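Structure, as structure tokens:
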Amino acid sequence: MIELKSSDEIGRMAVTGRFVGELLAELRDAATVGVNLMDLEHQARRRIKDRGAESCYWDYAPSFGRGPFRNVLCLSVNDAVLHGLPHDYVLRDGDLLSIDMAVGIDGWVTDSALSFVVGTPDPADLKLIEATEVALESAIVAAQPGGKLGDISAAIGKVAHDYGYGVNLEFGGHGLGRTMHEAPHIPNNGRARRGMKLEPGLTIAIEPWFCRTTDKIKFDADGWTIRSADGSRTAHSEHTVAITESGPQVLTRRPAA
């Protein structure tokens with residue numbers, strides 16, 4: 016079942032979204048060469064607790080994964096793209112890091128992710144990150160009231176193909192609001208003008224993610240961390256977006272770098 020949110024409820028989600036955006040920007044700035052991933056995890060735990068928020072990841076136990084997730088961040092490095100478990104790893108010059116987080120405040124959830132290079136960037140990594148960011152912005156533009164869900168998926172797929180990347184359809188965007196995962200599922204490729212109608216009040220997480228030289232993935236032994244099947248680098252961008260009468264409203268925008 017899809018619950019359309021009122022303007023007031025979208026406003027409450029926007030409060031959560033501002034916090035998520037600010038914290039992601041803070042973590043991006045903190046993630047420098049020599050920083051341990053667990054330092055970022057504990058920094059996020061403190062900030063979430065101080066805000067009186069709740070992590071949507073803590074104790075999350077979907078059909079995949081090995082036991083409940085006991086962290087507040089997904090930290091995915093280099094060939095890891097989704098659901099990376101924070102662990103004892105010190106960031107190195109040139110690492111490509113993706114940070115993903117979902118938080119609830121007063122019962123309203125938002126979800127967002129970003130990717131960036133720590134230290135000296137490889138131009139190929141910057142191109143890959145750029146592709147996910149361009150795809151995300153293109154998908155947001157396509158998320159118009161009266162349009163179709165396929166418009167969003169098609170926008171992401173077109174950007175991926177224009178940049179020369181394949182698209183994996185096993186994981187994609189999703190509805191959210193009262194919980195982290197609600198209907199509908201939003202594939203990262205599809206056909207425009209197909210699928211459910213985009214109604215004002217629909218709130219969704221749009222999240223393009225690409226691997227540099229494959230569209231296949233594999234799981235680590237931990238059951239959580241998802242990597243490119245061929246070891247190539249990966250990137251992931253995500254925002255929570257509300258469909259409104261006047262167009263898409265991004266709820267998780269981050270302060271400028």
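Residue numbers (the numbering used here): 16 to 272. Positions of the beta carbon are idealized from the N, C-alpha and C atoms, including for glycine. The structure presented is a predicted model; accordingly, all values stated were derived computationally and were not measured.
Check this for me: beta carbons of proline 270 and glycine 36, under 8 Å apart or not? Yes. Within cutoff.
Is the beta carbon of serine 252 sitting closer than 8 Å to the one on glutamate 222? Cβ atoms of serine 252 and glutamate 222: closer than 8 Å.
Taking the beta strand (DSSP E) that arginine 242 belongs to, which residues open and close that run? That run of the beta strand (DSSP E) goes 241 to 243.
Per DSSP, the bridge partner or partners of asparagine 93: Asparagine 93 is not bridged to any residue.
How is histidine 102 classed by DSSP in three states: helix, strand or coil? Three-state result, histidine 102: coil.
Buried or exposed: which applies to valine 48, given that a residue is buried once 16 or more other Cβ atoms fall within 10 Å of its Cβ? Valine 48 comes out exposed.
Could you tell me the alpha carbon to alpha carbon distance between aspartate 235 and isoleucine 258, rounded to whole angstroms? Straight across, the Cα-Cα distance linking aspartate 235 with isoleucine 258 is about 36 Å.
Touch test, the stretch 97 to 113 against the stretch 130 to 138, Cβ-Cβ under 8 Å, three pairs minimum: Touching, per the Cβ criterion.
What is the rounded straight-line gap between the Cα of histidine 189 and the Cα of glycine 165? Spanning the two alpha carbons is a distance of roughly 13 Å.
Between which two residues does the beta strand (DSSP E) holding leucine 19 run? First-last for leucine 19: undefined, no H or E at that position.
Please check the pair valine 256 and isoleucine 171, which I expect to be a contact at CB under 8 Å, by giving their CB distance rounded to whole angstroms. For a cut-off of 8 Å, the C-beta gap from valine 256 to isoleucine 171 is around 13 Å, too long to register as a contact.
Going by CA-CA distance only, name the one from Pro263, Glu69, Cys89, Ala244 that's closest to glycine 119. Ranked by Cα distance from glycine 119, the first of Pro263, Glu69, Cys89, Ala244 is Glu69.
To which residues of the same chain is serine 153 closer than 8 Å at the C-beta, ignoring the five residues directly before and after it? The answer, listed in chain order, is Ala170, Ile171, Lys173, Val174.
Buried or exposed for phenylalanine 79, going by 16 or more other Cβ atoms inside 10 Å? Around the beta carbon of phenylalanine 79, a 10 Å sphere encloses fewer than 16 other beta carbons of the protein chains shown; the residue is thus reported as exposed.
Tell me, please, which residues DSSP counts as bridged to leucine 112. Paired residues: Val92, Phe131.
Assuming contact is defined by CB atoms lying nearer than 8 Å, are valine 124 and cysteine 71 in contact in what I supplied? Their beta carbons are under 8 Å apart, which means valine 124 touches cysteine 71 by this criterion.
Whole-angstrom distance between aspartate 74 and alanine 146, CA atom to CA atom: Roughly 32 Å separates the two Cα atoms.
State the Cα-Cα distance for the pair asparagine 204 and methionine 53, rounded to the nearest angstrom. Going by the C-alpha atoms only, they are around 34 Å apart.
Do leucine 106 and glycine 99 have their CB atoms nearer than 8 Å? Leucine 106 is not a Cβ neighbour of glycine 99, given a cutoff of 8 Å.
When DSSP labels each residue in this structure, what does glutamine 58 get in the three-state scheme? Residue state for glutamine 58 is assigned as helix, using DSSP reduced to three classes.
Could you round the C-beta distance between arginine 227 and arginine 206 to whole angstroms and report it? I think they count as a contact, below 8 Å. Rounded to the nearest angstrom, the Cβ distance from arginine 227 to arginine 206 is 25 Å, too far for a contact under 8 Å.
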